[in-house]
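Only one structure is covered here, and it is reproduced in the block below.
Below, the structure is given as structure tokens:
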């Protein structure tokens with residue numbers, strides 16, 4: 001998924017689930033920042049040392065991606081949560097929509113609702129959970145099960161201009177060797193570029209080993225993701241009433257129509273984010289014609305925070321949103337790799 005869903009869609013689901021504006025913004029910012037957060041190492045003013053492992057994965061940067069440890073510590077826990085279906089380890093590491101493992105991950109995050117970093121942990125969890133609805137059928141490790149027949153990709157797009165745009169983007173991706181190399185490596189969904197991330201797209205493809213993807217209806221699976229995120233955030237609002245805004249709460253059925261309309265927009269990223277904004281400004285999402293703007297995604301303050309943290313002592317650093325993101329990412333990574341997956345017999349990395 002891309003910015004339109006990971007930030008704007010996440011904000012919309014958090015806000016309409018009955019969470020305060022600032023909380024919804026923190027959650028949505030964390031959800032998108034999973035795709036933007038690189039490693040950080042910095043010494044603080046009092047000598048404490050800050051260390052943060054990356055959560056972002058960049059298919060075009062092949063050098064780090066061929067590292068098995070990077071795949072297992074970044075791709076698997078943050079972008080391709082294993083679905084645990086099949087008999088071999090490589091089969092069981094393939095991501096599946098709304099798997100039992102994904103739901104247990106959600107339960108774990110909710111159990112930490114009282115922690116100071118819980119908002120950003122919910123955002124990280126939202127990112128991983130939502131990605132199961134777009135990354136299903138692929139895994140976060142190098143595997144022949146991820147290799148596809150590029151000539152078999154068949155997108156169905158009514159808007160001729162957008163069809164040409166999407167096709168051109170794919171060919172550019174291939175020409176830059178990102179998709180071709182990722183497909184050769186069999187890593188993630190690199191072989192199909194950004195097709196899984198476009199909410200309006202209906203498409204299909206064949207794997208290199210002859211398996212057929214079947215028709216993938218992104219609009220339908222993204223809609224399912226929205227229902228699950230709304231449900232998760234509703235549970236969070238109930239468990240953390242100090243973050244709630246009861247007046248903003250709406251049942252998902254009340255927003256289902258505008259959400260479906262947004263997801264059907266055949267447009268570039270800017271048009272899709274504008275659709276979320278327009279729905280909020282029109283009053284369709286919060287009811288009673290209440291107009292409200294979704295704040296723009298602003299990752300710059302994370303970079304500013306990191307620079308500022310180096311002038312802080314650890315006690316002050318621990319109060320910042322950026323520090324909470326680092327904490328939450330570490331909590332999530334350790335839980336998934338050291339507790340959740342091993343509980344299902346999936347030992348991705350040891351110890």
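Residue numbers (UniProt numbering): 1 to 351.
We treat Cβ as the ideally placed atom computed from N, Cα and C, and that holds for glycine.
The model shown is predicted, which means the values in this text are computed figures rather than measured ones.
Query	Result
Contiguous beta strand (DSSP E) assignments of at least 3 residues, all confined to the segment 97-180	148-156
Residue 144 versus 327, 190, 108 and 113, residue with shortest Cα-Cα distance	190
contact_flag[the segment 10-24, the segment 245-256] where n(CB pairs < 8 Å) is 3 or more	yes
Integer Cβ distance of residue 337 from residue 92, believed to fall under 8 Å	Incorrect: roughly 15 Å between the Cβ atoms, too far for contact.
Continuous alpha helix (DSSP H) assignments of at least 4 residues falling wholly in the segment 192-245	218-239
Presumed contact (8 Å Cβ cut-off) between residue 16 and residue 123, rounded CB distance	Actually they are not in contact, since the Cβ atoms of residue 16 and residue 123 sit about 16 Å apart, beyond 8 Å.
With 16 other Cβ atoms within 10 Å as the buried cut-off, status of residue 199	buried
Nearest-angstrom Cβ-Cβ length linking residue 255 and residue 285, presumed shorter than 8 Å	6 Å
As assigned by DSSP and simplified to three states, the class of residue 3	helix
CB contact flag (residue 268, residue 195, <8 Å)	no
Residue 76 - DSSP class collapsed to helix/strand/coil	helix
CB contact flag (residue 1, residue 197, <8 Å)	yes
Three-state secondary structure assigned by DSSP to residue 332	helix
Euclidean distance between Cα positions of residue 353 and residue 333	The structure shown has nothing for residue 353, since the chain only spans 1 to 351.
Residue range of the alpha helix (DSSP H) that includes residue 258	252-263
For residue 19: DSSP bridge partner residues	244
DSSP bridge partner residues for residue 82 (one or two, in chain order)	95
Beta-carbon proximity list for residue 55, same chain, < 7 Å, skipping 5 on both sides	34, 37, 74, 78 and 329
Residue 130 versus residue 229 - alpha carbon distance	7 Å
Beta-carbon proximity list for residue 279, same chain, < 7 Å, skipping 5 on both sides	258, 262 and 285
Close beta carbons around residue 240, own chain, < 8 Å, minus the five adjacent residues each side	113, 114 and 118
Same chain, Cβ closer than 7 Å to residue 423, neighbours up to 5 away in sequence not counted	This structure leaves residue 423 out entirely; the chain is present only between 1 and 351.
Pairwise C-alpha distance: residue 120 and residue 384	The question about residue 384 has no answer, for the chain in this structure spans 1 to 351.
DSSP beta-bridge partners of residue 344	Answer by DSSP bridge pairing: none, since residue 344 is not bridged.
Burial state of residue 288, where buried means 16 or more other Cβ atoms lie within 10 Å	exposed
Inter-residue spacing [alpha-carbon to alpha-carbon] between residue 82 and residue 203	23 Å
Contacting residues, own chain, Cβ-Cβ under 8 Å from residue 352 (five flanking each side not counted)	With the chain represented from 1 up to 351, any question about residue 352 goes unanswered, as that position is not in the structure.
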